[in-house]
Each structure stands twice: as structure tokens, then as C-alpha cells.
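Trainee:
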Amino acid sequence: MSDCTNSLPLIGDPAPSFTAETTAGPMNFPKDYEGSWVVLFSHPADFTPVCTTEFMTFASLEGEFAKRNTKLIGLSIDSLYAHIAWLRTIKEKIDWNGLKNLEITFPIIEDLKMNVAKAYGMLQPGASTTQAVRAVFIIDPEGIVRAILYYPLSNGRNMDEVLRLIDAMQLSDKHGIATPANWRPGDDVIVPPPGSCGAAKERMESADSGLRRLDWFMTFKDCPPCE
671 MSDCTNSLPL
681 IGDPAPSFTA
691 ETTAGPMNFP
701 KDYEGSWVVL
711 FSHPADFTPV
721 CTTEFMTFAS
731 LEGEFAKRNT
741 KLIGLSIDSL
751 YAHIAWLRTI
761 KEKIDWNGLK
771 NLEITFPIIE
781 DLKMNVAKAY
791 GMLQPGASTT
801 QAVRAVFIID
811 PEGIVRAILY
821 YPLSNGRNMD
831 EVLRLIDAMQ
841 LSDKHGIATP
851 ANWRPGDDVI
861 VPPPGSCGAA
871 KERMESADSG
881 LRRLDWFMTF
891 KDCPPCE
């Protein structure tokens with residue numbers, strides 16, 4: 671294995687800790703973010719077109735993430751000065767998809783020594799040994815990795831999917847339910863399957879009109895309020 675990569679943290683693992691300089695000042699992660707959800711995402715390089723569209727989209731949705739108690743953190747293997755120059759260019763010059771004059775206020779990590787990229791498995795030699803792939807780590811308020819998404823260098827991410835996934839996980843945590851394929855807020859949710867024959871029989875014979883039973887293992891109910 672190339673020495674430019676480290677093991678990827680897995681879902682359910684504590685998020686690797688680090689200290690770093692960012693466009694918003696020094697960062698001590700995850701301590702500085704205790705109590706908040708975090709979307710930590712990497713991009714291949716500053717002053718690149720796909721990354722620019724992603725950052726503009728993230729910035730335009732920052733209020734939506736805030737409603738979900740979620741904070742954004744960007745990262746690339748570029749200097750702090752490159753980050754600052756790029757963000758100024760985005761604000762002053764870029765008009766894309768109805769977005770312009772955008773000031774990106776969430777922090778972007780300077781990672782010239784690749785320490786954070788290595789800790790999170792963001793460097794993948796088959797793609798590049800000097801640029802981070804488009805990784806997304808969703809980390810919960812306890813500092814635990816809850817979801818991981820990876821995209822190739824050539825293709826931008828879907829931020830609506832990131833928001834949808836945060837909604838689903840927060841709802842599951844609060845109400846002990848699961849969500850089906852293509853679930854959107856307001857859609858029916860899944861009641862976890864019973865764990866015994868007796869519970870399965872009881873589920874199927876229950877008079878609870880709020881349950882929609884397709885079979886003993888597949889039961890739906892109305893979506894609880896997303897808060």
C-alpha cells in the first residue's frame with residue numbers, strides 16, 4: 671500500500687482528532703464541535719471549476735444545515751493563502767446558477783502536509799497522490815462517524831442528498847425508526863422488524879391502525895415530525 675494513505679475511519683468509529691489552521695482560525699477537532707453535527711468534506715484543489723460549484727452550493731445551503739444543528743468544514747491540500755484568494759474570487763467574480771456575491775464563512779482547513787487527508791483516507795493513489803478525492807464525512811454530536819460518501823475528482827456532489835441523509839439519521843436517532851429507499855421528509859418510515867416469533871405474531875395481529883403491515887418484517891407508519 672502507498673504510504674500516502676492511512677486507514678479509512680469506519681461508520682461507528684470516533685472521528686479522528688486533529689488540530690489545524692483554517693480560514694476561520696485555529697481548529698481543534700472534534701472538541702470545538704461538541705454538541706453539533708458536522709459535515710467534513712474534502713475537495714481536490716482550490717481554483718477548480720467543480721469545486722467552485724460545490725462550495726457555492728454548500729454556502730447557499732448553510733442556513734439549511736444550521737437548522738439541523740450541522741456545521742460545515744471544508745478541506746484541501748492547499749495553503750491558507752490559496753483558500754483566501756479563492757474565496758475572494760468566488761465572492762467578487764463568480765456568478766453561477768443564480769448564485770453570486772457569495773461569502774463563504776465556514777472554515778476551510780489548510781492541509782499542506784496531508785495529515786488530515788491521510789487520517790480520513792481522503793488520498794487515494796488510483797485517483798491522485800497529491801489531491802484529496804471528494805469525501806464527505808457526517809459526524810454526530812458525540813464525535814462519531816455516522817456516514818461516509820465518496821465521489822470521483824470529475825463529478826460534483828449532490829448537497830440535497832447530504833441534507834436528506836442528515837434528516838433521516840436524526841429522525842432515526844430520535845424515534846428509533848428506519849427510512850426506505852428514496853425517503854424524503856414526510857414520507858412513511860419503517861418500524862424495525864420484531865425480534866422473535868411471538869413478537870412477529872403480535873405485530874401481524876395488532877389492532878394498531880397506525881401501522882401499515884406488508885408482512886411481519888415489513889411495517890410502515892406515518893413519518894414523525896422532522897425537527
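Taken in order, the sequence shown gives residues 671 to 897; the numbers are from the numbering used here. Glycine included, every Cβ here is placed at the ideal spot set by N, Cα and C.
#1: Cα-Cα, which of P679, A690, A870, F887 is closest to I778?
#2: Measure the C-alpha to C-alpha separation of P679 and K783 and round it to an integer number of angstroms.
#3: Do G684 and I818 have their CB atoms nearer than 8 angstroms?
#4: Taking contact to mean at least 3 C-beta pairs separated by less than 8 angstroms, is the stretch 714-723 in contact with the stretch 818-834?
#5: What did DSSP end up calling D683 once you bin it into helix, strand or coil?
#6: Within the continuous beta strand (DSSP E) that includes Y790, where are the two ends?
#7: Could you work out which residue in S876, P686, A838 is closest to P894 when comparing CA atoms only?
#8: Relative to the C-alpha of D781, which candidate in E831, S749, W707 has its C-alpha closest?
#9: With E691 as the anchor, note down where its beta strand (DSSP E) starts and where it stops.
#10: Given this structure, state the Cα-to-Cα distance separating H753 from T693, to the nearest angstrom.
#11: Would the beta-carbon of K891 fall within 8 angstroms of that of D858?
#12: Going along the chain, which unbroken runs of the beta strand (DSSP E) with 3 or more residues stay wholly within the stretch 686-774?
#13: Please decide whether R738 counts as near chain C, where near means a Cβ-Cβ distance under 8 angstroms.
#14: Assign L622 to one of three DSSP states: helix, strand, or coil.
#15: Kindly indicate the opening and closing residues of the beta strand (DSSP E) around E891.
#16: Taking the alpha-carbon of P696 as reference, which of W853, M888, F776 has the nearest alpha-carbon?
#17: If distances are taken between C-alpha atoms only, which option among I836, A802, M792, D830 comes closest to I809?
#18: Would Q905 and V806 be called neighbours here (beta carbons separated by less than 8 angstroms)?
Mentor: This is what the structure gives:
#1: For the purposes of this step, residue 778 is taken as the residue at position 108 of the sequence shown. For the residues P679, A690, A870, F887, the minimum Cα distance to I778 belongs to A690.
#2: For the purposes of this step, residue 679 is identified with residue 9 of the sequence shown, where counting begins at 1. For the purposes of this step, residue 783 is identified with residue 113 of the sequence shown, where counting begins at 1. P679 and K783: Cα-Cα distance of roughly 19 angstroms.
#3: Position 14 of the sequence shown, counting from 1, holds the residue named residue 684. Position 148 of the sequence shown, counting from 1, holds the residue named residue 818. Note on identity: in this sequence residue 684 is Pro, with Gly being the wrong assignment. Contact check for P684 against I818 fails: the beta carbons are separated by 8 angstroms or more.
#4: yes
#5: The residue given as residue 683 occupies position 13 in the sequence shown. When DSSP states are grouped into helix, strand and coil, D683 belongs to the coil group.
#6: Here the question's residue 790 lines up with position 120 in the sequence shown. Here Y790 belongs to no beta strand (DSSP E), and DSSP marks it neither H nor E.
#7: Counting from one through the sequence shown, the residue named residue 894 turns up at place 224. Measuring from the Cα of P894, the nearest candidate turns out to be A838.
#8: Within the sequence shown, the letter at position 111 stands for residue 781. Of E831, S749, W707, the residue nearest in Cα terms is S749.
#9: Taking the first residue of the sequence shown as 1, we reach residue 691 at position 21. Start and end: 688-692.
#10: On the sequence shown, position 83 is the one that residue 753 refers to. On the sequence shown, position 23 is the one that residue 693 refers to. One C-alpha to the other measures close to 7 angstroms.
#11: Counting from 1 along the sequence shown, the entry for residue 891 is found at position 221. Counting from 1 along the sequence shown, the entry for residue 858 is found at position 188. Contact flag set, yes.
#12: 688-692, 695-699, 707-712, 740-746
#13: Absent from the structure: chain C. Only one protein chain is present.
#14: Residue 622 is absent from the structure shown; the chain starts at 671 and stops at 897.
#15: As a position in the sequence shown, residue 891 is number 221, starting the count at 1. Correcting the residue identity first, residue 891 is Lys in this sequence and not Glu. 888-891 is the extent of the beta strand (DSSP E) around K891.
#16: Position 26 of the sequence shown, counted from the first residue, corresponds to residue 696. Considering only alpha carbons, the answer is F776.
#17: Counting from 1 along the sequence shown, the entry for residue 809 is found at position 139. Answer by Cα proximity: I836.
#18: As displayed, the chain neither begins before 671 nor continues past 897, which places residue 905 out of reach and without an answer.
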